[in-house]
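Just so we're aligned, residue 105 is where the sequence shown starts under our numbering, counting upward by one.
Glycine residues also receive a C-beta, built at the ideal position from the N, C-alpha and C atoms.
Nothing here was measured: the structure is a model prediction, and the numbers come from that model.
Following: one structure in structure tokens, then a few remarks.
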Amino acid sequence: MTLSYYTFKNPHDTRMVEIVDLPDKVERYFYLRDGVPSASYVPPTTELTLNQQAGDFLTDFIANPDRVLYVSPRVREVLASRGLIGEAVELLPFVLLDKRGRRVPDAYVIANPLMRVRCLDVERSKVRRRTGRPGQIVEIKSLHLCDEAIPEDAQLFRLEELPKLMVLRSDLLEAFQQAGLTGLAVHPTGTEIPG
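Listed below in structure tokens is the structure:
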């Protein structure tokens, strides 16, 4: 079976719920963008609220501007069935509040991919580097991977060269789709990433 890879993107669907208060509620929230183990920074009592300005459709993957995977119990089941919970993906429970401040009954968690893989095909990718630090990549406009550098067990991982960029493998994407999960938006590697 030929595998392909995708990155997560914001669904930009005004009907869907959204979480935007992570920076206000979690000290060192940026660790979640880098795949740093964060259980000590996100205690299970952390309360995050659905954005008043967003829609009302509660999805399995909740949209947000922070590049964090807020996922439902159904997503967690798929991750567990594929052996990803633990070393590959840290689960961080939190309290999700609706727009009225009431607890949402479903036990959502933050899925924090911890595996990093150095597999960027620098020659074929379009990257923007930090001024004054040519070795540091700050943005990728078109992502190409060196497939041979990706370990066989890497179904969901972060790009070592830019850890805020999470990559998922096509068979995991198919498992998400077969489970009928909502709110998932992805972008195929090898094509222009919309801004």
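Residues sharing a beta bridge with residue i, DSSP
i	result
histidine 248	Beta-bridge pairing links histidine 248 to no other residue.
methionine 219	DSSP output for methionine 219 lists no bridge partner at all.
lysine 268	Looking at the DSSP assignment, lysine 268 forms no beta bridge with any residue, so it has no partner.
proline 197	Val213
phenylalanine 112	Val290
threonine 153	Leu201
Given residue i as reference, the closest of the options once Cα atoms are compared
i	options	result
tyrosine 109	Pro148, Pro255 and Glu151	Pro255
lysine 245	Ile214, Leu107, Thr293 and Arg222	Thr293
arginine 137	Asp210, Met219, Arg178 and Val290	Met219
glycine 159	Met120, Pro197 and Val179	Met120
threonine 106	Phe198, Arg232, Tyr212 and Arg273	Arg273
arginine 186	Leu162, Leu260, Ala289 and Val130	Leu260
lysine 113	Asn155, Asn216 and Val290	Val290
histidine 248	Thr235, Pro217, Leu224 and Asp257	Leu224
proline 200	Ala167, Ile189, Val193 and Tyr212	For clarity, residue 200 is leucine in the given sequence; the question names proline instead. When each option's Cα is compared against that of leucine 200, the closest is Tyr212.
proline 169	Arg228, Leu195, Val193 and Leu126	Leu126
glutamate 181	Ala283, Pro115 and Pro197	Ala283
proline 217	Lys129, Leu288, Leu263 and Glu278	Leu263
threonine 235	Glu243, Ala258 and Thr111	Glu243
serine 176	Glu296, Leu288 and Ile297	Leu288
valine 130	Leu277, Val231, Val172 and Ser229	Val172
proline 141	Thr111, Phe161, Val193 and Val231	Val193
Distance between residue j and residue i (C-alpha atoms, nearest Å)
i	j	result
aspartate 202	proline 148	17 Å
arginine 132	leucine 285	29 Å
aspartate 117	valine 124	15 Å
leucine 152	glutamate 252	39 Å
glutamine 157	isoleucine 214	22 Å
arginine 178	aspartate 164	7 Å
threonine 150	glycine 190	21 Å
glutamate 296	glycine 139	24 Å
aspartate 275	aspartate 128	35 Å
DSSP three-state assignment for residue i, whether helix, strand or coil
i	result
tyrosine 135	helix
valine 179	helix
glutamine 240	strand
alanine 158	coil
alanine 192	coil
alanine 147	Reading off the sequence, residue 147 comes out as proline, not alanine. Reduced to three states, the DSSP call for proline 147 is coil.
glutamate 278	helix
alanine 283	coil
alanine 167	strand
lysine 203	coil
leucine 224	strand
leucine 126	helix
Three or more C-beta pairs below 8 Å linking the stretch 233 to 251 and the stretch 199 to 216 = The stretch 233 to 251, when compared against the stretch 199 to 216, does not touch it at the 8 Å Cβ threshold.
Inter-stretch contact at 8 Å, needing at least 3 Cβ pairs: the stretch 145 to 160 / the stretch 266 to 273 = no
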